[in-house]
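Following: one structure in structure tokens, then a few remarks.
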Amino acid sequence: MLELADVLDARVRVEETARRTPLDYSHTFSDMTGAEVHLKLETFQRTGSFKIRGATNRIATLSEEEKSAGVVTASAGNHAQGVALAATKSGVDSKIVMPENAPISKIKATRSYGATVVLHGDDYDEAAEKAHELEAEEGRTYVHAFDDDMVMAGQGTIGLEILEDLPDLDTVVVPIGGGGLIAGVATAVKAQKPDARVVGVQAEGASSVAASLEKGEVHALDAVDTIADGIATRSVGERTFEVIDERVDEVVTVSDSEIAVAVTHLLERAKTLVEGAGAVPLAALLSGGIDYEDGETIVPILSGGNVDMNTLTTVIMRGLVETGRYVKIRTVLKDRPGALDDLLDVISGQQANIYGIQHDRTSRDIAMNAAEVELDLETRGTDHVAELLAALREEGFDVEVIA
Numbered sequence: 013m014l015e016l017a018d019v020l021d022a023r024v025r026v027e028e029t030a031r032r033t034p035l036d037y038s039h040t041f042s043d044m045t046g047a048e049v050h051l052k053l054e055t056f057q058r059t060g061s062f063k064i065r066g067a068t069n070r071i072a073t074l075s076e077e078e079k080s081a082g083v084v085t086a087s088a089g090n091h092a093q094g095v096a097l098a099a100t101k102s103g104v105d106s107k108i109v110m111p112e113n114a115p116i117s118k119i120k121a122t123r124s125y126g127a128t129v130v131l132h133g134d135d136y137d138e139a140a141e142k143a144h145e146l147e148a149e150e151g152r153t154y155v156h157a158f159d160d161d162m163v164m165a166g167q168g169t170i171g172l173e174i175l176e177d178l179p180d181l182d183t184v185v186v187p188i189g190g191g192g193l194i195a196g197v198a199t200a201v202k203a204q205k206p207d208a209r210v211v212g213v214q215a216e217g218a219s220s221v222a223a224s225l226e227k228g229e230v231h232a233l234d235a236v237d238t239i240a241d242g243i244a245t246r247s248v249g250e251r252t253f254e255v256i257d258e259r260v261d262e263v264v265t266v267s268d269s270e271i272a273v274a275v276t277h278l279l280e281r282a283k284t285l286v287e288g289a290g291a292v293p294l295a296a297l298l299s300g301g302i303d304y305e306d307g308e309t310i311v312p313i314l315s316g317g318n319v320d321m322n323t324l325t326t327v328i329m330r331g332l333v334e335t336g337r338y339v340k341i342r343t344v345l346k347d348r349p350g351a352l353d354d355l356l357d358v359i360s361g362q363q364a365n366i367y368g369i370q371h372d373r374t375s376r377d378i379a380m381n382a383a384e385v386e387l388d389l390e391t392r393g394t395d396h397v398a399e400l401l402a403a404l405r406e407e408g409f410d411v412e413v414i415a
């Protein structure tokens, strides 16, 4: 099993390529939670994610013959970029298989670091099958995204940095996809501070760990569905599960809506762009998914910031809806002069801002003498939304919230 010595050796190999990232105390999230929250900002890492650490350590341990043959891997994006850059810096040819629906930004970035990109499959697991085919056909070394001791050891260097910067750490909160990050961090933290708590977080739509822990063996999901594409794996690895089972104290899940709220808060309050996978530790903390004492020193690892702009637009809108900053409503009006003005008077009286209006007389679901109206509104929070809806209903409008 992975040990502290492996992580210490990895630090020497990765220090010239990977950055030592900031550990930033957050007044905002400390006030919101009652804990002492320090954000580990792997969003500032080279390639925008922690993955460069494990990839660099693995490639550094290849034999000269393996380096000459090149490497291959599969990834939804962050590991792809890490392998591409680490291989290029070592003079090693790399070929990366990515799912066909991988974010365009991650595909372009991977190519820019010098890798050949092959698009295949609907998710990480199907991409991995193709990558193993290329491994056999071309004699390349497969650099696993997580289920490899040297990859785990490289990721564990984050744990070393956290304890050096914050010896009084109580709890570290870590995202889980395949498990490489949490296995490395748990190994580094538990070996040096056994009483520190290590909590893992998965997205509800990709939550294989709880079932695996219950069964005592790796349990694979049939499919995954989450906005957190960086942790959208059907299962953890065999080697990572062994470490998780022994060294991780608790594993919790968060919904996509909770992830969206965390991403939005990080943008607005911390001025930090974090992808869905990187935001799950903070999402668990903000949503009450983790139990903790007042004043507890907690470090959520924000593991990456590589998010597709189209995805980000959707995530932000979801976050605004969940926090009551945006609401979409539908109502039916009598089709007569002044009816729309009456509706808008109530809305303006409640100080809601109108983004857009759709007015439809032709819907089959309404009477011939009626008109259906949908409004996109900017609001100031959940209390404001409740007040607005109450005012509309008091004036006789039958209002349905549709977003």
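Each step along the sequence shown adds one to the number in my numbering, with nothing skipped, and position 59 is 71.
Note that CB positions come from ideal geometry on N, CA and C, so glycine has one too.
The structure displayed is predicted, hence computed values, not measured ones.
Coil, strand or helix - residue i by DSSP
| i | result |
| --- | --- |
| D372 | strand |
| T394 | helix |
| L14 | coil |
| L285 | coil |
| N365 | strand |
| V236 | coil |
| L175 | helix |
| P206 | coil |
| T29 | coil |
| V184 | strand |
| V130 | strand |
| I71 | helix |
| Y125 | coil |
| I302 | coil |
| G350 | coil |
| D135 | coil |
Contact under 7 Å by Cβ, residue i with residue j
| i | j | result |
| --- | --- | --- |
| Y136 | T245 | yes |
| G212 | V273 | no |
| D159 | R251 | yes |
| G166 | G249 | no |
| Q418 | T265 | Residue 418 cannot be examined here, being either before or after the span of the chain that is shown, 13 to 415. |
| N113 | G242 | no |
| V221 | I271 | no |
| V129 | S106 | no |
| I174 | K52 | yes |
| G217 | T276 | no |
| F253 | V230 | yes |
| V286 | L14 | no |
| V12 | P312 | Outside the modelled stretch of the chain, which goes from 13 to 415, sits residue 12, for which no answer is possible. |
| V109 | A86 | yes |
| G290 | G316 | yes |
| A295 | I302 | no |
First and last residue of the uninterrupted alpha helix (DSSP H) at residue i
| i | result |
| --- | --- |
| G331 | 321 to 334 |
| Q214 | Here Q214 belongs to no alpha helix (DSSP H); instead the beta strand (DSSP E) covers 209 to 215. |
| V155 | V155 -> no alpha helix (DSSP H), and no H or E assigned at all. |
| V248 | No alpha helix (DSSP H) contains V248, which DSSP labels as neither H nor E. |
| N381 | Where N381 is concerned, there is no enclosing alpha helix (DSSP H), given that its DSSP letter is neither H nor E. |
| H231 | Premise fails: H231 is in no alpha helix (DSSP H) and is neither H nor E. |
| G189 | Counting along the chain, G189 falls outside any alpha helix (DSSP H), and DSSP gives it neither H nor E. |
| G94 | 90 to 101 |
N-terminal and C-terminal residue of the beta strand (DSSP E) that residue i is part of
| i | result |
| --- | --- |
| H50 | 48 to 53 |
| R342 | 338 to 346 |
| D36 | 35 to 37 |
Close Cβ partners of residue i (< 8 Å) along its chain, the five nearest in sequence each way excluded
| i | result |
| --- | --- |
| D395 | G336 |
| E138 | P111, H132 |
| A81 | E150, G151, R152, T153 |
| L146 | V84, K107, V109, V130, R152 |
Beta-ladder partner(s) of residue i, from DSSP
| i | result |
| --- | --- |
| S61 | G316 |
| V263 | G212 |
| S106 | V83 |
| E407 | Answer is none; E407 lacks a bridge partner. |
| P111 | Bridge partners of P111: none, in fact. |
| E412 | R342 |
| E386 | R342, Q370 |
| V221 | Answer is none; V221 lacks a bridge partner. |
| I4 | The requested residue 4 is not part of the displayed model; the chain covers only 13 to 415. |
| D160 | In DSSP, D160 forms no bridge with anything. |
Contact set for residue i: own chain, Cβ-Cβ below 7 Å, skip 5 residues either direction
| i | result |
| --- | --- |
| D177 | L35 |
| Y37 | H50 |
| I378 | V344, E384 |
| D410 | T343, V344 |
Own chain residues within Cβ distance below 6 Å of residue i, not counting five before or after
| i | result |
| --- | --- |
| E386 | R342, Q370 |
| K451 | Since the displayed the chain opens at 13 and closes at 415, residue 451 lies outside it and no answer follows. |
| R65 | V26, A30, G166, Q167, T169 |
| G171 | V197, A200, V201 |
| K340 | D388, I414, A415 |
| F56 | T33 |
| D233 | It is worth fixing the name first, because residue 233 is Leu in this sequence and not Asp. S220, R246. |
Interface flag, residue i vs chain D, CB-CB below 7 Å
| i | result |
| --- | --- |
| A282 | The structure shown contains no chain D, having only a single protein chain. |
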